[in-house]
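Numbering (the working numbering), first residue to last: 19 to 354.
Glycine residues also receive a C-beta, built at the ideal position from the N, C-alpha and C atoms.
Quantities reported herein were computed from a predicted structural model and do not represent experimental measurements.
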Amino acid sequence: MLFFTSFSKGGCIDQAIDPSESPQKNQQGHTTETNYPCLACGKYFYNSSTLRRHMRTHTGERPYHCSECGRSFSHSGNLRSHQVIHTGERPYHCLVCGKSFSQPGGLAKHQRTHTGEKPFHCTFTECGKSFSKLEHLQTHHRTHTGEKPYPCSSDCGRRFSNSGQLTQHMRTHTGERPYHCSECLKTFSHPGALKDHQRIHSGERPYVCAVSACGKSFINSGALKKHSQTHTGEKPHCCSDCGRGFSQLAHLQAHQRTHTGERPYHCSLCWKSFIQQGHLDRHRRIHLAVDTPEDQLSPSISPDQHIRPIDDPPNVFDEETVPEQPVHTELMSDLE
19 MLFFTSFSKG GCIDQAIDPS ESPQKNQQGH TTETNYPCLA CGKYFYNSST
69 LRRHMRTHTG ERPYHCSECG RSFSHSGNLR SHQVIHTGER PYHCLVCGKS
119 FSQPGGLAKH QRTHTGEKPF HCTFTECGKS FSKLEHLQTH HRTHTGEKPY
169 PCSSDCGRRF SNSGQLTQHM RTHTGERPYH CSECLKTFSH PGALKDHQRI
219 HSGERPYVCA VSACGKSFIN SGALKKHSQT HTGEKPHCCS DCGRGFSQLA
269 HLQAHQRTHT GERPYHCSLC WKSFIQQGHL DRHRRIHLAV DTPEDQLSPS
319 ISPDQHIRPI DDPPNVFDEE TVPEQPVHTE LMSDLE
């Protein structure tokens with residue numbers, strides 16, 4: 019079996035031919051002469067010009083140059099396809115939604131968003147995932163191989179499996195937050211965080227608990243995952259000191275302060291400190307004036323304006339004097 023090269027607008031396509039059929043016409047109408055072999059790889063071509071074009075794949079020769087940006091190409095057809103980037107021409111149109119593209123390959127990729135086609139399949143055993151784009155499959159493969167070819171250029175030494183992750187990570191060093199909320203002007207370092215935040219304004223809560231008797235919904239998948247652990251009893255966050263498990267990382271961090279003695283939440287009136295913000299909030303209520311119940315505080319006045327300091331905190335603020343108040347039951351059960 020031998021080979022010939024046919025040409026399309028996008029470049030050459032090497033195809034196998036049978037020399038016993040020579041010199042017949044192949045399906046493209048070319049004469050299948052086998053007089054022009056490639057000395058590098060052994061393929062045969064039906065004329066010298068196709069052989070010369072093929073040889074550029076071995077030599078790296080790129081004789082066709084873009085006058086706008088200086089990029090070079092091995093085939094004139096590739097140069098013509100590239101030049102539409104500069105002209106703004108987008109001759110390839112989607113018949114479903116009307117979007118247009120500069121390259122036929124870009125249109126083909128886009129059309130898969132309508133058809134749902136995912137022709138690129140993961141070859142790892144028992145994975146079975148498939149993707150609409152080759153680059154997505156290549157990124158996915160790294161979850162199996164552990165390859166992380168994109169290193170952070172700062173001193174943190176972290177590496178990432180794709181360039182998008184690296185770009186988002188670099189913003190933790192630069193402080194860049196290019197995504198802005200049009201409702202409240204908050205800014206975010208990546209578009210996913212902005213999208214989640216905007217649901218606070220819209221009220222959209224698309225992530226629904228699968229437990230039919232629960233019915234709770236959330237603005238992002240992370241919040242749903244944390245909530246689901248209250249049903250499954252899963253406690254993946256374990257204390258390295260005592261081995262206790264917690265359903266959420268924040269609960270573990272609060273628990274660890276019972277070992278370290280850290281009490282980062284301070285009362286500004288009596289100097290007491292607490293391991294949780296909730297404990298501080300509950301404590302501050304004992305400073306409220308007796309004649310000003312908390313549920314009667316004026317909405318136009320800060321709660322601090324109703325607070326009165328007490329002169330002898332060491333004798334007054336025994337833990338048992340703190341009145342019972344509603345707390346987040348899951349967190350408290352974790353911390354007991």
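Quiz item: Mind checking K61: buried by the 16 CB within 10 Å criterion, or exposed?
Solution: Taking the sequence shown and counting its residues from 1, the one referred to as residue 61 is at position 43. Buried.
Self-check item: For Y64 and C174, the rounded distance between their alpha carbons
Solution: Sequence index remark: in the sequence shown, residue 174 carries index 156 (1-based). Sequence index remark: in the sequence shown, residue 64 carries index 46 (1-based). Distance between the alpha carbons of C174 and Y64: 56 Å.
Quiz item: Any contact of the segment 254 to 262 with the segment 274 to 286, i.e. 3+ C-beta pairs under 8 Å?
Solution: yes
Quiz item: Going by DSSP, which residues form a beta bridge with L270?
Solution: Reading the sequence shown from its first residue, position 252 is the one you call residue 270. DSSP lists no partner for L270.
Quiz item: At which residues does the alpha helix (DSSP H) containing E153 begin and terminate?
Solution: Counted from its first residue, the sequence shown places residue 153 at position 135. Segment L152 to T163, the alpha helix (DSSP H) holding E153.
Self-check item: Straight-line Cα distance separating V229 from S235
Solution: If you number the sequence shown from 1, residue 235 lands on position 217. If you number the sequence shown from 1, residue 229 lands on position 211. Computed Cα separation, rounded: 11 Å.
Quiz item: For the putative contact between C112 and Q129, defined by C-beta atoms under 8 Å, what is the C-beta separation to the nearest angstrom?
Solution: For the purposes of this step, residue 112 is identified with residue 94 of the sequence shown, where counting begins at 1. For the purposes of this step, residue 129 is identified with residue 111 of the sequence shown, where counting begins at 1. About 6 Å; that satisfies the 8 Å criterion.
Exercise. Please name the residue in H83, C84, Y54 and Y82 whose C-alpha comes closest to that of R70.
Key: Within the sequence shown, the letter at position 52 stands for residue 70. For R70, the nearest C-alpha among the options comes from Y54.
Exercise. Please look up how many angstroms separate the CB atoms of L155 and C140, rounded, as I've assumed it's under 8 Å.
Key: Walking along the sequence shown from the start, residue 155 turns up at place 137. Walking along the sequence shown from the start, residue 140 turns up at place 122. Rounded, the Cβ-Cβ distance is 7 Å, consistent with contact.
Quiz item: Quick one: what's got a C-beta closer than 7 Å to G295's C-beta in the same chain, skipping five residues either side?
Solution: In the sequence shown, residue 295 corresponds to position 277, counting from 1. According to the sequence as given, residue 295 is Gln; it is not Gly. These residues qualify, in order along the chain: Y283.
Quiz item: Which first and last residues belong to the alpha helix (DSSP H) in which V102 is found?
Solution: Residue 102 sits at position 84 when you count from the first residue of the sequence shown. Where V102 is concerned, the enclosing alpha helix (DSSP H) stretches over S94 to T105.
Self-check item: I35 classed as buried or exposed, judged by whether at least 16 other C-beta atoms fall within 10 angstroms
Solution: By 1-based counting over the sequence shown, the position of residue 35 is 17. Any answer about I35 is weak, because its pLDDT of 42 lies below 50 and its placement is not dependable; what the coordinates show is given next. The residue in question, I35, is buried, as its Cβ has 16 or more Cβ neighbours within 10 Å.
Practice problem: List the endpoints of the continuous alpha helix (DSSP H) containing S172. | Solution: The residue given as residue 172 occupies position 154 in the sequence shown. That residue, S172, is in no alpha helix (DSSP H); it is neither H nor E in DSSP.
Exercise. Helix, strand or coil for H208, going by three-state DSSP, please let me know.
Key: The residue labelled residue 208 in the question sits at position 190 within the sequence shown. Correct three-state label for H208: coil.
Exercise. Find the nearest neighbour of L212 within the set N180, N238, H72 and R160, judged by alpha-carbon distance.
Key: Counted from its first residue, the sequence shown places residue 212 at position 194. Nearest option by C-alpha distance: N238.
Self-check item: Same chain, Cβ closer than 6 Å to A58, neighbours up to 5 away in sequence not counted
Solution: Against the sequence shown, residue 58 aligns to sequence position 40. Answer for A58: H76, listed in chain order.
Quiz item: Under a Cβ-count criterion, where at least 16 other Cβ atoms within 10 Å of its own Cβ denotes burial, should C288 be classed as buried or exposed?
Solution: For the purposes of this step, residue 288 is taken as the residue at position 270 of the sequence shown. Per the 10 Å Cβ criterion, buried.
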